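A short write-up of the structure that comes next.
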């Protein structure tokens, strides 16, 4: 791409077409505005959403595509009207970089539900060079101050990168449904989201049960903070656990049958879906009616809640279990991610990204 006046050429890794291998690519970052923050990126988490966008699985991708919405770095420049950050401060950028600021959701601090549509960290239309937002598989990013998070220095910068997506995706519903002491919480599925669900629910003081199809995951689930493990393939165990759960966090990342889990809930209990995107099998309404049970969904969190989550994780010592990789291994990481061959998130060390 030819440089635009006052823009900054920035090394990145990009997919140039649907399903293409990510390769070195130079993008242009916009000039620093009055309320902007320039961030030199140190680490960027790898989310399954990145792979979906690269492959255009959801039919909304535009190319060249630079993924990455779990960004940790340090402030390298600030606009003239930014007075609460300093050069060198550790900061983060999650899944969104703008919203309308005017709708009821935005005014309520829930920019993720912006009624006119949030601006995602990558893949959203923008007036910036290139016409769309580019994400954190890059050396630097320019973001409005309102969407920059301060990251406590007590947190490991690589291990806290996934908090900005996997962390807040699980924290937000746990907080919304008031998970805490005296509550029994089931975390369904042990992957990038599930392992954070266990850690956070445990840190909130709840009794945590890992619900899985695989007995081999029991030991790791307990290491992460689960009090016990329930095998969903064990019919007798599932029947014995009926009516025992205040809240279920379903992190399974593919469409599946929700019905076996509904009877686990107490009267007025809720199962929240954060993993599967798309149509599901037919739901049996009897458990809903007979127990006033609810199936709900949740996205990420707003900026205020995400900052709250980072502060909570700092206080409780909660970070993700990560495998740090150099940028050039992203293709291998994607292949392993599809096989669930990672415990539990990949994080890219951007110091390894060179100009291409």
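Numbering (our numbering), first residue to last: 47 to 402.
No residue lacks a Cβ here, since even glycine has one placed at the ideal position from N, Cα and C.
In this text, all values refer to a predicted model and were calculated from it rather than measured experimentally.
Leaving out five residues before and five after residue i in sequence, what residues of the same chain have Cβ atoms less than 6 Å from its Cβ?
i, result
"residue 343", "319"
"residue 54", "75"
"residue 86", "119, 120, 122 and 186"
"residue 377", "67"
"residue 91", "116, 207, 208, 391 and 393"
"residue 202", "365"
"residue 227", "251"
"residue 97", "380"
Return the bridge partner residues of residue i from the DSSP annotation.
i, result
"residue 317", "294 and 341"
"residue 127", "BP columns for residue 127 are empty, so no partner."
"residue 59", "70"
"residue 274", "255"
"residue 372", "395"
"residue 92", "392"
"residue 54", "75"
"residue 119", "87 and 137"
"residue 233", "256 and 295"
"residue 196", "137"
"residue 142", "166"
"residue 201", "Answer by DSSP bridge pairing: none, since residue 201 is not bridged."
"residue 171", "178"
"residue 111", "61"
Since residue i is in the alpha helix (DSSP H), which residue starts that stretch and which ends it?
i, result
"residue 245", "238-249"
"residue 221", "212-222"
"residue 386", "Taken as a continuous stretch (DSSP letters only), residue 386 belongs to no alpha helix (DSSP H), as it is neither H nor E."
"residue 350", "349-362"
"residue 281", "281-286"
"residue 160", "Counting along the chain, residue 160 falls outside any alpha helix (DSSP H), and DSSP gives it neither H nor E."
"residue 400", "No alpha helix (DSSP H) holds residue 400; DSSP gives it neither H nor E."
"residue 152", "150-153"
"residue 307", "305-308"
Give every residue of the same chain whose Cβ lies closer than 8 Å to the Cβ of residue i, excluding the five residues on either side of it in the sequence, and list them in chain order.
i, result
"residue 330", "305 and 308"
"residue 49", "Residue placement at residue 49 cannot be trusted, given a pLDDT of 35 that sits under 50; the coordinates are not used to answer."
"residue 150", "161"
"residue 360", "198, 200 and 201"
"residue 339", "308, 311, 313, 314, 315, 316, 317 and 333"
"residue 100", "61, 64, 65, 66, 68, 107, 111, 113 and 380"
Is there at least one non-hydrogen atom of the ligand PLP closer than 6 Å to the beta-carbon of residue i?
i, result
"residue 282", "With respect to the ligand PLP, the structure offers nothing, as it holds no ligand at all."
Between which residues of its own chain and residue i is the CB-CB distance below 7 Å, once the five residues before and five after are set aside?
i, result
"residue 171", "177 and 178"
"residue 108", "169 and 178"
"residue 325", "301"
"residue 142", "157, 158, 164, 165, 166, 167 and 193"
"residue 388", "369 and 382"
"residue 152", "145, 146 and 160"
"residue 218", "344, 346, 347 and 351"
"residue 239", "212, 215, 216, 297, 320 and 321"
"residue 328", "none"
"residue 225", "231, 247, 250, 252 and 293"
"residue 237", "297, 299, 386 and 390"
Nearest-angstrom Cα distance between residue i and residue j?
i, j, result
"residue 185", "residue 333", "50 Å"
"residue 392", "residue 296", "21 Å"
"residue 102", "residue 136", "32 Å"
"residue 244", "residue 64", "34 Å"
"residue 321", "residue 130", "35 Å"
"residue 368", "residue 336", "42 Å"
"residue 124", "residue 84", "6 Å"
"residue 89", "residue 289", "42 Å"
"residue 379", "residue 373", "10 Å"
"residue 204", "residue 396", "10 Å"
"residue 70", "residue 114", "14 Å"
"residue 147", "residue 248", "34 Å"
"residue 257", "residue 94", "21 Å"
"residue 269", "residue 254", "12 Å"
"residue 229", "residue 273", "12 Å"
"residue 190", "residue 180", "14 Å"
"residue 384", "residue 106", "21 Å"
"residue 77", "residue 52", "6 Å"
"residue 399", "residue 241", "28 Å"
"residue 126", "residue 174", "19 Å"
"residue 261", "residue 278", "10 Å"
Which residues mark the beginning and the end of the beta strand (DSSP E) in which residue i is found?
i, result
"residue 186", "186-190"
Can you round the beta-carbon distance between residue i and residue j to whole angstroms, since I take them to be within the 8 Å contact cut?
i, j, result
"residue 182", "residue 117", "4 Å"
"residue 350", "residue 155", "4 Å"
"residue 231", "residue 252", "5 Å"
"residue 291", "residue 271", "Not quite, the Cβ-Cβ distance comes to about 17 Å (not below 8 Å), so this is no contact."
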